[in-house]
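Notes to accompany the following structure.
Okay, here's the thing in structure tokens:
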């Protein structure tokens, strides 16, 4: 019992949330109509309707869910009717219901359905009463049969479609997060690019050999052969020192 | 015919009369705008009728109903058009509010609770549910069926070879134009040059629509026109003026400002007389693909051309205002006036006619293809430069600066060279320069041609270089005497620039001439003059005559504007005859030839000059009636003269 | 305008916000196998679709200078186009800012074209080599956005040029704009463009300073 109550509460909350959304979008639509009717156009108009209908669909979904406790089996039972203004009530209903009095309650609780709806229902009832119970049962089973058959067909077709569309858009992986991080770290901080260990001591004297050398002004060939030669030999500490000594005094050349 | 009666003919008024004033003036209602007609449609929506059948019937009967309920209509129009929609929405809003309020209050559990009932309350018979479900399902089925019907129609259209498939045409359109699908399913295209580098603000969007069944279309449009309650779509098509014929299943809707035909007319005017005109439009450029694709291709090409012309003109007008010319450029309406040379004006005007069938001026055959092409090319160049910035190298360098600008820092460029980089020539400046050049070239051609026609004796042959730049061309002039080519030819080269000429003679002298044609004429005459003398000198040498003296500028006689006459004095091989030649060239070439002989025949000793040997001194020069001498040309005549004089002595 | 001194004109440029000094950056990577696909898409999206994509082959050297008071060294990057007659580019990059409200990473940035003597000069000043690599790939342009797709190649000391090998089986993809301060719409423009490259490449704002701990 306790669980059922809790479940009921959750459903109510969800329904209420949906209702608030729906209310807001309808309100927005009305406002749009009233304020901007001069320059409203079909697309936005239709978009608004689409929004409303999606909220409605959401609401129906909640109610149609299996875990939803049968709301039909509940009735609205007034507990307290009072003539006094209730601030809490006003807050709760956004100012629409200031008092929960005897003359507001029947009206507000919609004790009777909408006349148009009621009329339609009555029509159906009348039609139904013309049939014998037996015949009616027969029709119902027939109807169920047909509907379930159609449902089978439709769901089968849908399944096939989905399989097809899934196979068509077989998404291959085109990028890898690990590579991204590796590359970004390399560009940003030289991660994996440092080669201090390979060179001898004397970090202050370090020069980038591949950029250096007798390149003509304003660039030149991508790698002058002399450079490659120098790179080709195992750079000894002495050599590096000689070279950097040269670099220290560029004006002496 | 004097007693004929005047009949005034008026068109029937298409719009509803809104009000008739006391003086009988009829105030018409303006045709509905798009949003108004949408509002009208919206007012017709009845939310209680939900089935499609109902809606269809509604649509069909709408026109008729509107006719019937004119009073009602007028009454309704005074109301707010969205009233019905709003009321329905408000009802819905109320219900939603009630529901949410009830639930909130119930959750509060002070006034209300949702009390569970016993489960047996479900007294509705299943058959009742069946009825309602049936209805709901049949409505859903209706939607599906009508959709299927549409698909089937589309499919059968595909089979029908007469009707082109919309999607195939869309594919063709997509191959040639930029299209994109927007959220509400419409297809929008872009015919502007923005992707090619244009920065022109005007939008070039057009809408692609599927042409509905032609018959249906006509009825709806006529309906719309008669009742005034038309849908947005048909309204555009009626305003459009471009109705593709029925063979195409695709329709493009081009905004009103891009409809019609536009071109840019360039006229060079001297005083009030047109010298040359050029029209710029892009029609006919590029491969004609209209045959393969639909009529829309033509429509879009026209529209794109309109856009291009407008951009070109806007650019020129902006430049005309910004440029500081010695004689300011004038921009009035659709016309720009710029002064090329004194009394010569360049007029660039934008012509845009929106109606297609209006009597278009016959294409002027005399237009200048070069200037036309140049204007087109100049704007395209601007576009190209806008979109083709050089890529930076190395790749980390900033985007934008030119290569020159990039090396300015490392090469320590000075302020002057940096300023030089910022200078660019505007389109207007360039087109003026080109027009000036075209004008100068024509003038030079004219001067040379008339001279060649008028002066027959030495022949003037001019060779124009076929390859030239838009602002510089080059002509080589040869002056030769027919039959005496070997004796000498005078050649000179003239560079025709924008406002000046540069003449380079064979001896290396360079002369700069202004745009006045007389200067060139004088120069050529002068050259003819010296040609004649120099040829005569070599001819004389050839015939063993002695050249005693020659001068290109004699400095005698009256001062002539072209310098002086040139002259030459020749003596026969045994020095018994002398010929003196004087050539003046003002204003026509005028040759005077004198001869003298020694010993003079008429020498009589006088008391003052008693000795006989004085007769060897040359006698008086007698003028030869040169025009009577046999010979085709000056040199020919001189040859005869010298020959006869030589033989006389023999 | 009379220019009195370089310092004055620099501050004038900064104050009037026409000195581009902020780099907006999005980064991502693409596997070698899919790079053709990406190139096709970029060709369709970027300017100058008629020409083939621009290639580049650059050598970047990062130099650092330890400053006495701070423990953060000053880093300068020098980049040179290999096989091309172009000036060297020196670049200062500030600390990356990853702001949740902004769609891109933002860092201050200074670019300067230099002669080839710049490395000597920096060495004289006491800068030392931090790391270097070769970037080789393609670049594209879309308005003011620059898109580079590049392969990073590690320089192995003591080996021939050919022996230098790529550090990963992916290309790094960078989308960047250098703009003056106060142009907030740049980020949005870039976000929209990056959106169009999905799902091929996920261009994101990646704070590489935080990646330091990842081995």
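Residue numbers (full-length UniProt numbering), protein chains in the order written: chain A, 1 to 253; chain B, 1 to 650; chain C, 1 to 215. We put the beta carbon where it would ideally sit given N, CA and C, even for glycine.
Who pairs with residue i in a beta bridge, going by DSSP?
{"i": "residue 27 of chain C", "result": "C/174, C/204"}
{"i": "residue 624 of chain B", "result": "B/593"}
{"i": "residue 582 of chain B", "result": "B/567, B/592"}
{"i": "residue 153 of chain C", "result": "C/134, C/166"}
{"i": "residue 108 of chain C", "result": "C/22"}
{"i": "residue 464 of chain B", "result": "B/475"}
{"i": "residue 190 of chain B", "result": "B/178, B/205"}
{"i": "residue 141 of chain C", "result": "C/146"}
{"i": "residue 118 of chain A", "result": "According to DSSP, which records beta bridges pairwise, residue 118 of chain A is partnered with nothing at all."}
{"i": "residue 454 of chain B", "result": "DSSP lists no partner for residue 454 of chain B."}
{"i": "residue 469 of chain B", "result": "B/472"}
On the criterion of 16 or more Cβ atoms from any shown chain inside 10 Å, does residue i qualify as buried, or is it exposed?
{"i": "residue 470 of chain B", "result": "buried"}
{"i": "residue 83 of chain A", "result": "exposed"}
{"i": "residue 208 of chain C", "result": "buried"}
{"i": "residue 444 of chain B", "result": "buried"}
{"i": "residue 253 of chain B", "result": "buried"}
{"i": "residue 364 of chain B", "result": "For residue 364 of chain B, the predicted model reports a pLDDT of 48, less than 50, meaning its position is unreliable; a value from the coordinates is still stated below. It is exposed - the Cβ of residue 364 of chain B has fewer than 16 other Cβ atoms within 10 Å."}
{"i": "residue 487 of chain B", "result": "buried"}
{"i": "residue 384 of chain B", "result": "exposed"}
{"i": "residue 124 of chain A", "result": "buried"}
{"i": "residue 15 of chain A", "result": "buried"}
{"i": "residue 135 of chain B", "result": "exposed"}
{"i": "residue 87 of chain A", "result": "exposed"}
{"i": "residue 135 of chain A", "result": "exposed"}
{"i": "residue 206 of chain C", "result": "buried"}
{"i": "residue 148 of chain C", "result": "buried"}
{"i": "residue 324 of chain B", "result": "exposed"}
{"i": "residue 56 of chain C", "result": "buried"}
Between the options, which lies nearest to residue i when the distance is taken from Cα to Cα?
{"i": "residue 380 of chain B", "options": "B/315, B/114, B/515", "result": "B/315"}
{"i": "residue 568 of chain B", "options": "B/534, B/199, B/145", "result": "B/534"}
{"i": "residue 30 of chain A", "options": "A/20, A/18, A/17, A/45", "result": "A/45"}
{"i": "residue 42 of chain C", "options": "C/98, C/170, C/138, C/63", "result": "C/138"}
{"i": "residue 68 of chain C", "options": "C/78, C/35, C/126, C/195", "result": "C/126"}
{"i": "residue 35 of chain C", "options": "C/199, C/204, C/205, C/191", "result": "C/199"}
{"i": "residue 592 of chain B", "options": "B/581, B/598, B/585", "result": "B/581"}
{"i": "residue 595 of chain B", "options": "B/523, B/92, B/577", "result": "B/577"}
{"i": "residue 475 of chain B", "options": "B/312, B/466, B/565", "result": "B/466"}
{"i": "residue 179 of chain A", "options": "C/119, C/211, C/178, C/117", "result": "C/211"}
{"i": "residue 503 of chain B", "options": "B/477, B/483, B/485", "result": "B/477"}
{"i": "residue 174 of chain B", "options": "B/206, B/597, B/423, B/629", "result": "B/206"}
{"i": "residue 450 of chain B", "options": "B/401, B/608, B/396, B/518", "result": "B/518"}
Could you tell me whether any non-hydrogen atom of the ligand SAM is closer than 7 Å to the CB of residue i?
{"i": "residue 262 of chain B", "result": "With respect to the ligand SAM, the structure offers nothing, as it holds no ligand at all."}
Problem set entry | Chain-ordered residues of the region 39-58 of chain C with a beta carbon less than 9 Å from chain A | 57
Exercise. Contact between the region 177-191 of chain C and the region 45-54 of chain C: three or more CB pairs below 8 Å?
Worked result: no
Problem set entry | Where the region 108-122 of chain C meets chain B: residues whose CB sits under 8 Å from a CB there | 111, 112, 113, 114, 115
Problem set entry | Cβ-based contacts, 9 Å cut-off: residues of the region 88-101 of chain A near chain B | 88, 89, 92, 93, 94, 96, 97, 100
Problem set entry | Cβ contact check for the region 405-420 of chain B and the region 87-98 of chain C: 3 or more pairs under 8 Å | yes
Exercise. Counting pairs of Cβ atoms below 8 Å between the region 103-114 of chain C and the region 58-75 of chain C, do you hit three or more?
Worked result: no
Exercise. Quick one, which residues of the region 398-416 of chain B are near chain C if we go by CB-CB under 7 Å, in chain order?
Worked result: 398, 399, 406, 407, 409, 410
Exercise. Is there contact here, the region 162-172 of chain C with the region 139-146 of chain C, by at least three beta-carbon pairs under 8 Å?
Worked result: no
Problem set entry | Three CB pairs or more closer than 8 Å across the region 140-149 of chain A and the region 126-133 of chain B | yes
Exercise. Would the region 74-84 of chain C and the region 173-184 of chain C be scored as touching if the rule is three or more Cβ pairs under 8 Å?
Worked result: no
Exercise. When Cβ atoms are compared, which residues of the region 46-60 of chain A fall closer than 8 Å to chain B?
Worked result: 46, 47
Problem set entry | Residues in the region 182-193 of chain A having any Cβ partner in chain C nearer than 8 Å | 182, 183, 184, 185, 186, 187, 188, 189, 190, 191, 192, 193
Exercise. Are the region 427-436 of chain B and the region 328-344 of chain B touching by the rule of at least three beta carbon pairs closer than 8 Å?
Worked result: yes
For this session: Tell me, please, whether the region 539-557 of chain B touches the region 623-643 of chain B by the rule of three or more beta-carbon pairs shorter than 8 Å.
Result: yes
Exercise. Does the region 93-112 of chain B come close enough to the region 87-97 of chain A to have 3 or more Cβ pairs within less than 8 Å?
Worked result: yes
Exercise. Taking one C-beta from the region 173-182 of chain B and one from the region 259-267 of chain B each time, how about it: are there three or more such pairs within less than 8 Å?
Worked result: no
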